[in-house]
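A quick write-up on the structure given underneath.
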Amino acid sequence: MDRFPEEIWSDIFQFACCDIDDGGATGHSLSLVSKDVKRISYPVQLHSVALPTLDKMVAFMDMLRAHPERARDQCIRHLSVSHHCCGHGKRNDHHFSTLITTVDLLLHAVGQQLHSLHLHFTTLENREFPIELPEMPALRELSIDAAAMYCEFPVPLPSLRHLRISNCETVRQLAAVSQAMHNPLSALPELRYIDISHNLHLNGATKVLTFLLGIPQDALNPLSASHKGTLGKESHEKAVDKIEKIVYKWQTPDLEGIWNLSVGLFVQDVNRLLKLERLAKGRLTVVQPPGYEQKYNEEASMWAFR
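Note that this note's numbering numbers the sequence shown so that position 40 is 87, with each residue one more than the last.
What follows is the structure in structure tokens.
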């Protein structure tokens, strides 16, 4: 330790703890090496934190309450919160309520410092999981993966560049927030990249994507005068050019179940989505579920003759 100045060691430890996926393992290991290493690495030991259970969330909040200076001095940059809830009954009702409260307290406690936030939940009986994001002025990456999470954006996220959402409620919530504003992305001024994984509600998803890309809804009409993959000057002027890339993955656990629905409407929705991909000129990539294309082509050709 004496061969290099503490500033050099501090930079080394900061680099070692900066991995988003580390979850705090490196910082914890450094705290156990020696008193000097623990002292020098102290400011970066919590750079990356992973809390995979409710018990760990509660314990982490208890630590922050007992040592509030750690939240201030240790610069929590990357937070991953995940939870799997199963079972039923009154015990789980209390558990679920505690989970919502704890996540809310946690986000408000460390939200000002975060650069990335990952929320992954499988919740009891698909009941609604309301999340109201606090002010997060430094947040650059937000990932939400949940079966029934309802995420609100009551305040702007001025630094957010990358948004990942895997939940239809979140897609609809984002659309509702966007449509309520004159500038559709005024709450997300730096947003450039969006990854969306979505189930069968293709019509609603296409409307959200159309709005975010700044493409008029009537451009997707089969009778539209739009030429192959092109938009008029007026449409270009209205486009939200800040969005550089949207990756849309539509998925379903039961591909055969699609065809038990109204096949004609579904084929139309898929055609609108694929047309939107062409009109977006590289700003939208549609990823279809494995094995879908062959099934779609068969059913679409049959539908054309009905």
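Cβ atoms here follow ideal geometry from the backbone N, Cα and C, with glycine treated the same way.
Small disclaimer: the values here were computed from a predicted structure and weren't measured.
Out of the options, state which residue places its alpha-carbon closest to the alpha-carbon of residue i.
i    : options                : result
L146 : A156, V105, V255       : V105
L93  : R330, R325, M110       : M110
R119 : I293, L161, L256, K328 : L161
H142 : H125, F176, P115       : F176
N214 : K289, A252, R239       : A252
L126 : M108, L331, A97, L101  : A97
N268 : D316, R50, K296, L235  : D316
Q159 : T169, W297, A327, V202 : V202
I262 : L323, P236, W297, V314 : L323
R112 : D140, T100, H155, T257 : H155
L259 : V314, R319, L331       : L331
Q335 : G329, M108, K296       : K296
T100 : E116, P115, H131       : H131
S163 : T148, P115, D140, S95  : S95
A193 : R239, T148, A234, H245 : H245
T257 : M108, K328, D102       : K328
I212 : P115, P236, V255       : V255
T3   : H114, E116, M108, Q264 : Shown here, the chain extends from 48 to 353; a query on residue 3 therefore has no answer.
Would you check if the distance between the CB atom of residue i and the CB atom of residue j is smaller than 8 Å?
i    : j    : result
L186 : L152 : no
V157 : I123 : yes
L180 : L210 : no
R183 : L166 : Inspection of the sequence shows that residue 183 is occupied by Met rather than by Arg. Not a contact, by the Cβ cut-off of 8 Å.
I191 : I243 : no
I241 : I178 : no
S144 : F168 : no
A266 : L326 : yes
I need the boundaries of the beta strand (DSSP E) containing residue i, first residue and last residue.
i    : result
D242 : 240 to 245
A193 : 188 to 193
R211 : 209 to 213
I293 : 292 to 297
S127 : 125 to 131
P177 : 176 to 179
V96  : 95 to 98
H165 : 163 to 169
S334 : In the sequence as displayed, the identity of residue 334 is Val instead of Ser. V334 -> beta strand (DSSP E) spans 331 to 334.
Please tell me whether, using a cut-off of 7 Å, the distance from the CB of residue i to the nearest non-hydrogen atom of the ligand ADP is below it.
i    : result
H142 : Here there are no bound small molecules, and the ligand ADP is not part of this structure.
In terms of residues, what are the limits of the alpha helix (DSSP H) holding residue i?
i    : result
L101 : 101 to 113
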